[in-house]
Structure formats: C-alpha cells, structure tokens
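Residue numbers (our numbering), protein chains in the order written: chain A, 1043 to 1375; chain B, 91 to 295. These notes are about the structure you will find just below.
Right, here's the structure in full:
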C-alpha cells in the first residue's frame, strides 16, 4: 500500500516535470521522493539509443573510408536528426497580419521567446519562429500564395488563470475563463486573440486522455467528418491515434494523434469551434515518401519535394479539409 | 567567470580527471586506446564507447533541445576523429580534450544561429562558461554514469524509462504498448528510478 502510493507520487512529480514549461526542481513533500526526483530529472536528458547507434556507425563508416586522409570534411557523414533543432515533429505555422504584432502578442501573453525573424524586402515578416514553453510557433505575414490562416492551439501552461488574464490584457476576447469543469479534467479556459487564433489554455491534471506525449503547443483541428482525418494521418504520416472518444453516432468528440515526437488534437466542429483550415509544419524522416503517400491519399500538391535553400528537403500538400501540410526533413547545416 | 583561458583549461583537465573513478590505471589504458586510434581510425570506436555518455551529458545540459544536443554531439565526435592525429598526450586527458571541442561547438552553434537569424532584442548569450568548475565536472560525470546505468536495468524497466523520459509517452500509452496496467507501469517506473538511485549511491565515491 505504501509502496503503491510512492509509485503514484513519483509519477505525479515526473508528470509535472515532463509537462512543465520551464523544467525546475519540483517541491517534493519528503526526502525519499526528492532523491527519486533528482534521478528522474537526470533521465530527461537521456540520449536516444538510436542516436547513439547511428552516430557510432557513421563514425565507423567514415573511419573505414578515410584511413589515410584523417582530415575529411566533417559534414559529410554527419548523423543528422531529421527535425530542425528547436522544432518538434509538428509545429503550427500561423499566417496572420501584421505578423510582427502577433509576435508581440505571443511574447506578452505566453512569454514567447523570439528565435528568429526573417524580414521581406518590404518590411513584412517572411518567416519567424517564436518558442512557447517547450514548443514553437512559426509565423509569417504570408503572401498571395500563402494567405492568412489563423489556427486553434491547445496550449499547456503552468498557470492557466494568469495566462488567461494576460491574453485578455493583450487584447484577446474570452470564450470562457479557466474552469475545472472541462470534460478533459484539466483546468481549461479559451480565448480568441485579435488575429483570429483560438487558444485553449490548460494546465494538465494527471495525464488526461487528450494530450499524450505532452507538448506545450498542440494544434487543435475542428473538422467536419473528423473521423476521416484519423485514417488519413495514419496512412500519410504513420500517425498513431490515442484516446479517441466518439459519440454513440460515431462523431469524434476528441482524439489525440501522434506524429513522431509530437501530437495534435482533433474534434468534430461544433458551436463556436468551426473549421479553421490552417498550416502545419511537419518534420518526417523521409519527405519524398510522405509526399508520395499524401498524393496517393488524395491531397493536392502545393509544392513537390525540393531541397529548400534553408537546408530542408521540403514539400507541401493540401488535404481535403483545406489544411496545408508543409512536410520537411532537416538535412543539416 | 572571468578566468583566463589558461587556468580554465587546467581546471577543466583536472576536473575531468577527478570525476572518473580508477584514474591512474584508466589513464594508461586510455593512452593506449588513443594511440591505437591515431594509428588506425577504425579503433576510434573504443574511444566513442568510453566517452559518448560524458560528451552527450555535457552538451545536453547546455543546449536547448534534443535535436541540438544530437547535432552538437555528432559534430564533436566527427571533429574528434578528424583532429585525432593532432592530439598530443601532454597530461590533458582525452575526455578534457573532447569536452573542449564540445564547448567550442556549443558556442559555434549559438553564434551560427545568431548570425543566420539576427534578433536585435536578445543578443545570444555565451552558451558555455569556459572555466568548468570541479563541481560542474562532477555533475557531468554523475549524469553520464546515470545514462550508462540505464543500459544495465532489467529490459522491461529500461523500456519504461525510454518510453517515459525519452519518448515522453504517457503512462496510459506505455501501458497500452507494453500490454500492462497503468498501475504496473507506474510501479516499473518507480523500480527503475529506485534501482538507478541505489546504483548511483553505491557506485559513486
């Protein structure tokens, strides 16, 4: 009995550590738990076994190729992770105007940290990236080809009430204030920002059925015939649907879908939460393969795979719901 | 923080030395390994096995995310392999030499990011203090040891650790994947962490 409760207590602190926006030592109620927590914190940085093995074989390959010329260029056989540093498998790409103002909103409301900003010749923002918690949001003013597309984002924060208040001060309007009555069991509030984006601001309580593999920033898609999105994402991205809740009629009330190391959520559009076709930037191990599967699954092409000047293999498709998927594989520096 | 380069290097070397148990014998062994790798690059893998966790622990504690940690770690070992012929045994342990490469790689990485995408409001901070205190070295050794010990856990506990901390999956998800109850997964998580703690306490001087 005592043991079991220790297992639960440890999981609570591990849980809090994994979802915290800014990892910091948790206050643990006793020394036993504190010392376990100390170990758990170290495990956060545990290297992936696959990475250790891949780098090893890279080095071996290089060593055998260049026995006499030890001064081979280092970039060549580098084991590059397919995701661009700073981004996870899924990042919302929000195109709104003026993007610079929107970035200010992200900073004020969510303590976002600007990671990069690439201005266009006319002073608008061609591309920018803002880190929010342990996730990121990409931002642009867009152009004719990429028109304005606000998004709905489920945002996990440490203090939803304070964050909610800051969004209102920064000009957002409220759908509802944070409440404990949300079906997810999380403390959950919702606002719409001045640019048309929805923000579902929540603090995880326990590990709720929704946000598996928790990230601070999770795109939330309200869809018509949402149930069809699940097989689509499974086929194209090898996605995994977890925690699918359906109504007796088969409508998706809520589902969490995992791609790589990140998740997004979907539900059947309802009430104030109608479809908002948006742009998503998805990092995959093989852009060409995913692009081919997407086309086979009936998407329309925005852009065939190409080596983009910023160092990604990149492609784009539009799905049947009007969402744009920017598929990318990071190729390294 | 204002230490000049030279003493900083010394301190780094000393720290790296003290953090590793079984010093004297080990350094001779390591010298043999380094010289073997200098003759034949294929032998470099022994050094990789010996130092991977240490380098990764150092890098991961100083960069923003896993992808960057992997990128930088990869760079460190590739540079280590390239520059091996120029490594001279002058009492600077090989570990200290690698960590010096790592420290530079982290700074370069920060500079590169700043150059490519200048953000006037927040100038990049120097990511690495150049003088590593003994206590910092010990923290790195401690962390590296933890990473190594995970590999020695019973298979199922190891699996739970990777699923939970690396993949960051929920207890529910892990339970589904392993065909166990959520309670059992939490119990395995506890056992794994307790095992690691016991070994860290036992194996650390």
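Just so it is clear, CB atoms sit at the ideal spot from N, CA and C, and this is done for glycine as well.
Residue from the options with nearest C-alpha to residue i
{"i": "residue 1268/A", "options": "1245/A, 1293/A, 1282/A and 1262/A", "result": "1293/A"}
{"i": "residue 1189/A", "options": "1280/A, 1080/A, 1139/A and 1243/A", "result": "1139/A"}
{"i": "residue 1060/A", "options": "197/B, 257/B and 276/B", "result": "257/B"}
{"i": "residue 1288/A", "options": "1278/A, 1272/A and 1150/A", "result": "1272/A"}
{"i": "residue 175/B", "options": "192/B, 152/B and 130/B", "result": "130/B"}
{"i": "residue 290/B", "options": "233/B, 254/B and 178/B", "result": "233/B"}
{"i": "residue 1295/A", "options": "1181/A, 1309/A and 1350/A", "result": "1309/A"}
{"i": "residue 1202/A", "options": "1193/A, 1221/A, 1215/A and 1191/A", "result": "1221/A"}
{"i": "residue 240/B", "options": "1366/A, 1185/A and 1086/A", "result": "1086/A"}
{"i": "residue 200/B", "options": "159/B, 229/B, 269/B and 288/B", "result": "159/B"}
{"i": "residue 1305/A", "options": "259/B, 141/B, 202/B and 287/B", "result": "259/B"}
{"i": "residue 235/B", "options": "168/B, 163/B, 157/B and 292/B", "result": "292/B"}
Chain-order list of residues whose beta-carbon lies under 6 Å from that of residue i (same chain, five-residue window excluded)
{"i": "residue 237/B", "result": "143"}
{"i": "residue 1183/A", "result": "1139, 1141, 1166 and 1167"}
{"i": "residue 1171/A", "result": "1157, 1158, 1178 and 1180"}
{"i": "residue 1118/A", "result": "Here residue 1118/A scores only 33 on pLDDT, less than 50, and its place in the model is too uncertain to base an answer on."}
Beta carbon of residue i nearer than 7 Å to that of residue j
{"i": "residue 1199/A", "j": "residue 1136/A", "result": "no"}
{"i": "residue 195/B", "j": "residue 166/B", "result": "yes"}
{"i": "residue 1089/A", "j": "residue 146/B", "result": "yes"}
{"i": "residue 1196/A", "j": "residue 1307/A", "result": "yes"}
{"i": "residue 1148/A", "j": "residue 1178/A", "result": "no"}
{"i": "residue 1328/A", "j": "residue 1341/A", "result": "no"}
{"i": "residue 1347/A", "j": "residue 1339/A", "result": "no"}
{"i": "residue 1280/A", "j": "residue 1298/A", "result": "no"}
{"i": "residue 1303/A", "j": "residue 1131/A", "result": "yes"}
{"i": "residue 1168/A", "j": "residue 1158/A", "result": "no"}
{"i": "residue 1355/A", "j": "residue 1278/A", "result": "no"}
{"i": "residue 1124/A", "j": "residue 1372/A", "result": "yes"}
{"i": "residue 1150/A", "j": "residue 1323/A", "result": "no"}
{"i": "residue 127/B", "j": "residue 137/B", "result": "yes"}
{"i": "residue 1049/A", "j": "residue 280/B", "result": "yes"}
{"i": "residue 1300/A", "j": "residue 1276/A", "result": "no"}
Same chain only: Cβ atoms within 7 Å of residue i, ignoring 5 sequence neighbours per side
{"i": "residue 1075/A", "result": "1051, 1052 and 1055"}
{"i": "residue 106/B", "result": "With a pLDDT of only 42 at residue 106/B, under 50, the local geometry of the prediction cannot be trusted, and no value is derived from it."}
{"i": "residue 261/B", "result": "272, 275 and 276"}
{"i": "residue 282/B", "result": "243, 247, 250 and 251"}
{"i": "residue 1224/A", "result": "1230"}
{"i": "residue 1343/A", "result": "1337 and 1359"}
{"i": "residue 278/B", "result": "246, 247 and 250"}
{"i": "residue 148/B", "result": "189, 192 and 230"}
{"i": "residue 121/B", "result": "179"}
Beta-carbon proximity list for residue i, same chain, < 8 Å, skipping 5 on both sides
{"i": "residue 1363/A", "result": "1263, 1265, 1266, 1271, 1317 and 1319"}
{"i": "residue 211/B", "result": "Summary for residue 211/B: the model assigns pLDDT 47, below 50, so the residue's position carries little reliability; its value from the coordinates is reported in the next sentence. Here the set comprises nothing."}
{"i": "residue 1111/A", "result": "At residue 1111/A the pLDDT is 42, less than 50, meaning the model places this residue with poor confidence; the figure from the coordinates comes in the next sentence. Closer than 8 Å at Cβ, skipping near neighbours: no residue."}
{"i": "residue 216/B", "result": "Caution applies to residue 216/B, whose pLDDT of 45 falls short of 50 and renders its modelled position unreliable; the model cannot decide the point."}
{"i": "residue 265/B", "result": "271, 272, 274 and 275"}
Cβ separation of residue i and residue j, assumed to be a contact under 8 Å, to the nearest whole Å
{"i": "residue 1259/A", "j": "residue 1359/A", "result": "Not confirmed; about 22 Å, so no contact."}
{"i": "residue 1234/A", "j": "residue 1217/A", "result": "7 Å"}
{"i": "residue 1097/A", "j": "residue 134/B", "result": "About 12 Å separates the two Cβ atoms, so there is no contact after all."}
{"i": "residue 1368/A", "j": "residue 1321/A", "result": "7 Å"}
{"i": "residue 1181/A", "j": "residue 1144/A", "result": "6 Å"}
{"i": "residue 1236/A", "j": "residue 1214/A", "result": "7 Å"}
{"i": "residue 1204/A", "j": "residue 1240/A", "result": "Not a contact, Cβ separation roughly 19 Å."}
- Task: Give, in chain order, every residue of the segment 1068 to 1090 of chain A whose Cβ lies closer than 9 Å to some Cβ of chain B.
- Result: 1077, 1078, 1079, 1080, 1081, 1082, 1084, 1085, 1086, 1087, 1088, 1089 and 1090
- Mind listing which residues of the segment 259 to 283 of chain B have their C-beta closer than 8 Å to chain A's C-betas, in chain order? 259, 260, 261, 262, 263, 266, 273, 276, 277, 279, 280 and 283
- Which residues, in order along the segment 1283 to 1302 of chain A, keep a beta-carbon less than 9 Å from a beta-carbon of chain B? 1284, 1285 and 1300
- Message: Counting only Cβ-Cβ distances shorter than 8 Å, please list the residues of the segment 154 to 168 of chain B near chain A, keeping chain order.
- Response: 154, 155, 156, 157, 158, 159, 160, 161, 163, 164, 165, 167 and 168
- If contact means a Cβ-Cβ distance below 8 Å, which residues of the segment 1123 to 1137 of chain A contact chain B? 1123, 1125, 1126, 1127, 1128 and 1129
- Query: Of the residues that make up the segment 1207 to 1231 of chain A, which ones have a beta carbon closer than 8 Å to any beta carbon in chain B?
  - Reply: none
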